[in-house]
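Novice: The structure follows.
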Amino acid sequence: MFHSVPPSPSDVSCIEINGLCGFLHCITIIVNILVKRKRFMSVIHQLQHIYPSLRVITETEAGDTDQWDYFLSPEEEIIAIPKTERNEQELELLSIFLSPFEGHSVTCTEREAAWKDLVRTGELKPGVSWPLSYRFILFTFDDSSTEKSTIKEALQSLFPERMPLLWQSDRSGYIVEEIFSDDQDVLTFEGIPDVLMSDFYTNIQFFTSHFSSHLQEAGAILEWALKGADLADRYHLPGVVSYKDIIPYFYVDDLPDTDWHQIEQSIFQEVLEDKDLLQTIKVFLESGSNTSLAAKRLYMHRNSLQYRVDKFIEKTDLDIKNFKGAVITYLALLHLQL
């Protein structure tokens with residue numbers, strides 16, 4: 001059995017050191033903790049030398065966010081550290097090396113707990129009536145001041161039956177839309193973000209995964225949906241984004257900067273500064289290359305739109321009226337984040 005390593009004087013004095021030296025010293029301590037934990041003891045035992053009141057708790061105990069900070073250890077144990085024993089610099093560092101855990105003020109139902117376990121372990125809890133198919137609806141809102149219970153009730157009111165809703169932070173979570181019969185209606189999001197924004201005076205974004213009947217793949221599907229939601233946020237996609245909307249961004253996001261620079265210089269050099277032209281072409285392509293529809297969306301005469309399309313083709317030598325030219329152009333425009 002390994003024996004605890006007593007803290008050095010520099011470890012104990014970490015909390016008392018201010019300024020840049022203290023900040024760098026704390027980095028060294030926490031890095032050493034994570035490096036040494038494989039040789040000596042768990043990260044929890046190491047942290048207890050710095051934060052004597054640290055506790056390992058259950059999720060139901062993680063409620064008092066005024067007095068405690070909560071983190072997940074690499075072993076997914078919930079760690080509670082008193083706010084009085086750390087400063088702001090240490091909180092930032094702890095949030096880098098450990099995963100912050102939000103104490104949920106809204107109690108999980110038995111069904112929500114079953115879904116949480118399924119996502120984490122891939123195991124179906126006995127005695128639960130599982131759906132024929134399901135999808136994840138991720139939500140994020142800008143203002144965290146509204147009570148979670150109020151937000152939860154508003155989101156639940158969108159469905160004819162109550163759906164499992166699980167929080168991931170004070171501003172985000174996901175709904176599991178469960179389908180139990182072939183004739184069950186599926187939620188459509190038309191107008192919903194606007195209604196919720198007017199009710200809560202905050203911006204709300206949704207991301208929807210695909211429907212699946214494979215329950216034991218729930219964890220992988222949620223993980224992929226979270227990646228998609230992150231891309232939607234980074235590329236400033238508004239309102240409701242589906243898994244189909246985000247697929248092109250996975251290709252764009254993995255494009256190395258050096259490759260993009262060559263594409264930029266070889267094809268788009270003549271039009272990069274003409275933002276109006278690029279935005280026009282983006283709307284044209286998103287309208288299925290339908291001139292009438294695009295002109296209507298742009299509040300522009302068809303002839304003016306056609307002139308811009310021809311101008312783009314002339315300057316780039318990319319015929320966006322055919323499939324190949326349209327795909328190349330559209331992916332590049334997504335990269336530009338117009």
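In this text, residue positions in the sequence shown follow our numbering: the first is 1, and each later residue adds one.
No residue lacks a Cβ here, since even glycine has one placed at the ideal position from N, Cα and C.
Going by DSSP, what residue range makes up the alpha helix (DSSP H) through Ser-339?
Specialist: Beyond the ends of the chain as shown, which are 1 and 338, falls residue 339; an answer cannot be given.
Novice: Quick check on this structure: which residue in Phe-206, Glu-88 and Gln-67 has the alpha carbon closest to the alpha carbon of Asp-233?
Specialist: Measuring from the Cα of Asp-233, the nearest candidate turns out to be Phe-206.
Novice: Which residues share a DSSP beta bridge with Arg-135?
Specialist: For Arg-135, which the question treats as bridged, DSSP gives the partners Glu-177.
Novice: For Ala-114, which of helix, strand or coil comes out of DSSP?
Specialist: Note: Ala-114 maps to helix in three-state DSSP.
Novice: Report all residues from its chain with a CB closer than 6 Å to the CB of Ala-229; omit the five preceding and five following residues, and keep chain order.
Specialist: So the list reads Leu-138 and Phe-207, once near-sequence residues are dropped.
Novice: If you follow the beta strand (DSSP E) that Asp-66 is part of, which residue opens it and which one closes it?
Specialist: No beta strand (DSSP E) holds Asp-66; DSSP gives it neither H nor E.
Novice: Which same chain residues end up closer than 7 Å to Trp-130 when comparing Cβ atoms and leaving out the 5 residues on each side of it in sequence?
Specialist: Taken in chain order, the residues that qualify are Leu-124 and Leu-215.
Novice: Buried or exposed for Val-43, going by 16 or more other Cβ atoms inside 10 Å?
Specialist: That one is buried.
Novice: Among Thr-140, Leu-334, Leu-166 and Leu-94, which has the Cα closest to the Cα of Ala-114?
Specialist: If we check each option's Cα against that of Ala-114, Leu-166 comes out closest.
Novice: According to the neighbour-count rule (16 or more other Cβ atoms, all chains shown, within 10 Å of its Cβ), is Gln-46 buried or exposed?
Specialist: So Gln-46 ends up on the buried side.
Novice: Roughly how many angstroms separate the alpha carbons of Ser-213 and Ala-225, rounded to a whole number?
Specialist: Taking the straight line joining both Cα atoms gives about 16 Å.
Novice: Return the CA-CA distance between Val-119 and Thr-188, expressed in angstroms with no decimal places.
Specialist: Taking the straight line joining both Cα atoms gives about 24 Å.
Novice: Who are the near neighbours of Lys-321 in its chain, counting only those whose CB is closer than 7 Å to its CB and skipping five residues on each side?
Specialist: If we look at Lys-321 and ignore the five residues flanking it on each side, its Cβ neighbours are Ser-289.
Novice: Does DSSP classify Leu-165 as helix, strand or coil?
Specialist: The answer is strand: DSSP assigns Leu-165 an E or B state.
Novice: If we ignore side chains and look at the alpha-carbon of each, how far apart do Val-327 and Pro-238 end up?
Specialist: Distance between the alpha carbons of Val-327 and Pro-238: 22 Å.
Novice: Alpha carbon to alpha carbon, how far is Ala-220 from Tyr-299?
Specialist: Approximately 43 Å between the Cα atoms of the pair.
Novice: At what residues does the alpha helix (DSSP H) containing Thr-352 begin and finish?
Specialist: Given a span of 1 to 338 for the chain in the structure shown, any question on residue 352 remains unanswerable.
Novice: What residue does the beta strand (DSSP E) around Arg-55 start on, and which one ends it?
Specialist: Counting along the chain, the beta strand (DSSP E) containing Arg-55 begins and ends at 55-57.
Novice: Might you give, ordered along the chain, the residues of its own chain that have their beta carbon closer than 7 Å to the beta carbon of Lys-83, omitting 5 neighbours on each side?
Specialist: Only Gln-67, Trp-68 and Asp-69 meet the Cβ criterion.
Novice: Confirm, please, whether the CB-CB distance from Asp-117 to Asn-203 is below 9 Å.
Specialist: The answer is no: Cβ separation not under 9 Å.
Novice: Would Lys-311 and Leu-336 be called neighbours here (beta carbons separated by less than 9 Å)?
Specialist: No, the Cβ-Cβ distance between Lys-311 and Leu-336 is not below 9 Å.
Novice: Can you check which of these residues, Val-240, Ser-287 and Glu-273, is closest to Leu-305 by C-alpha distance?
Specialist: With distances taken between Cα atoms, Leu-305 lies closest to Ser-287.
Novice: Checking 9 Å against the spacing of the C-beta atoms, do Ile-175 and Val-186 come in under that value?
Specialist: Cβ atoms of Ile-175 and Val-186: not closer than 9 Å.
Novice: Rounding to the nearest angstrom, what Cα-Cα distance links Phe-332 and Lys-244 in this structure?
Specialist: Here the sequence assigns Ala to residue 332, which means Phe is not the residue at that position. Answer to the nearest angstrom: the Cα atoms are 18 Å apart.
Novice: On the CB-based measure, 16 or more other CB atoms within 10 Å of its CB, does Pro-126 come out buried or exposed?
Specialist: Answer is exposed; the Cβ neighbour count stays below 16.
Novice: Using the Cα positions of Ile-78 and Asp-319, report the straight-line distance between them to the nearest angstrom.
Specialist: If I take the Cα positions, the gap works out to 56 Å.
Novice: Give me the DSSP bridge partner(s) of Pro-82.
Specialist: Beta-bridge pairing links Pro-82 to Trp-68.
Novice: How far does the alpha helix (DSSP H) with Ser-242 in it extend, from its first residue to its last?
Specialist: That residue, Ser-242, is in no alpha helix (DSSP H); its beta strand (DSSP E) goes 240-242.
Novice: Once the 5 residues before and after Ala-218 are set aside, which same chain residues still bring their CB inside 6 Å of it?
Specialist: Around Ala-218: Leu-118 and Val-119.
Novice: Under DSSP, the alpha helix (DSSP H) around Val-283 begins and ends at which residues?
Specialist: Here the alpha helix (DSSP H) through Val-283 covers 275-286.
Novice: Can you find the residues in the same chain that come closer than 7 Å, C-beta to C-beta, to Thr-359, ignoring five residues on each side of it along the sequence?
Specialist: Any question about residue 359 goes unanswered here, given that the chain covers just 1 to 338.
Novice: Check the C-beta distance from Glu-112 over to Pro-193 and give it rounded, since I have them as a contact under 8 Å.
Specialist: Not a contact, Cβ separation roughly 23 Å.
Novice: Check the C-beta distance from Leu-72 over to Leu-98 and give it rounded, since I have them as a contact under 8 Å.
Specialist: With a Cβ gap of about 6 Å, Leu-72 and Leu-98 count as contacting.
Novice: Helix, strand or coil for Thr-109 per DSSP?
Specialist: Looking at Thr-109 - three-state DSSP - the assignment turns out to be coil, as it is neither helix nor strand.
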